[in-house]
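Trainee: In our numbering, the protein residues as written are 169 to 398. Just passing along the structure, written as structure tokens.
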């Protein structure tokens, strides 16, 4: 086995957070067997912290991948990692890597501006945590009022409400969600002006652009929609 690739927080089956034991054990196996641990931070990179999910979860990757966040939202991707691994790439090493749009000036300029802002304003993460916790608490209070106990998983500004009352810790448990009910929920929220991910298995993201009014409006629509469809 040359490499193992993981999402540190899975965002394409809702939001699934790994256990500390899983990550510690995986890192140990990779160290013992000489396997590269590649961490996909396309969703989590610079979203959960300046050091991504690896900083939050105390995880050490050999290689990390990143998406459009490093381009300020423009289409771009990148990877980086251990010095000895990266030195395998040309011109330092024998592995050729290039692309038509590599180093695109527009994407690089936007990315530089975005990452500079993130570096100079670390308080945005506590700001995001406050907003995200407020939204989660509002959702939980709505569910309690309606006599439901649907599972809500959240880490930082990533969140998902699963239409199941069982814990969601992996893909199999995520599949227990009532996707037909979620579809009704999605359309009910959309009719109230709240555009959520159209699939049960996508993450909801809170951003610095969301205002208190946005959050309150979302919580109100959440209650009215659930009351209508349940």
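For glycine and all other residues, C-beta sits at the position ideal for the given N, C-alpha and C. Predicted model only: the values in this text are computed from it and were never measured.
How long is the line joining the alpha carbons of residue 206 and residue 341, rounded to whole angstroms?
Mentor: 25 angstroms
Trainee: Does DSSP classify residue 397 as helix, strand or coil?
Mentor: helix
Trainee: Checking the sheet assignment: what are the DSSP bridge partners for residue 328?
Mentor: Partner(s): 321.
Trainee: If you reduce the DSSP assignment to three classes, tell me which class residue 187 lands in.
Mentor: Reduced to three states, the DSSP call for residue 187 is coil.
Trainee: Could you check where the alpha helix (DSSP H) with residue 233 kicks off and where it finishes?
Mentor: It is not in any alpha helix (DSSP H) - residue 233 instead sits in the beta strand (DSSP E) that spans 231-234.
Trainee: What does the alpha-carbon distance come out to for the pair residue 185 and residue 305?
Mentor: 18 angstroms
Trainee: For the stretch 176-262, list the beta strand (DSSP E) runs that are entirely contained and at least 3 residues long, ordered along the chain.
Mentor: Taking only runs of at least 3 residues, the beta strand (DSSP E) segments lying wholly in the stretch 176-262 are 204-208, 231-234 and 246-249.
Trainee: Quick one, are the C-beta atoms of residue 349 and residue 331 less than 7 angstroms apart?
Mentor: yes
Trainee: In or out: residue 213 buried (at least 16 other Cβ within 10 Å) or exposed?
Mentor: By the neighbour-count criterion, in which a residue is buried when 16 or more other Cβ atoms sit within 10 angstroms of its Cβ, residue 213 is buried.
Trainee: On the DSSP letters alone, give me the boundaries of the beta strand (DSSP E) that residue 171 sits inside.
Mentor: 171-174
Trainee: Hey, quick one: how far does the alpha helix (DSSP H) through residue 359 stretch, first residue to last?
Mentor: For residue 359, the uninterrupted alpha helix (DSSP H) run begins and ends at 347-359, by DSSP.
Trainee: Can you grab the Cα-Cα spacing for the pair residue 242 / residue 319, in whole Å?
Mentor: 33 angstroms
Trainee: Please list the terminal residues of the continuous alpha helix (DSSP H) segment that includes residue 280.
Mentor: 273-288
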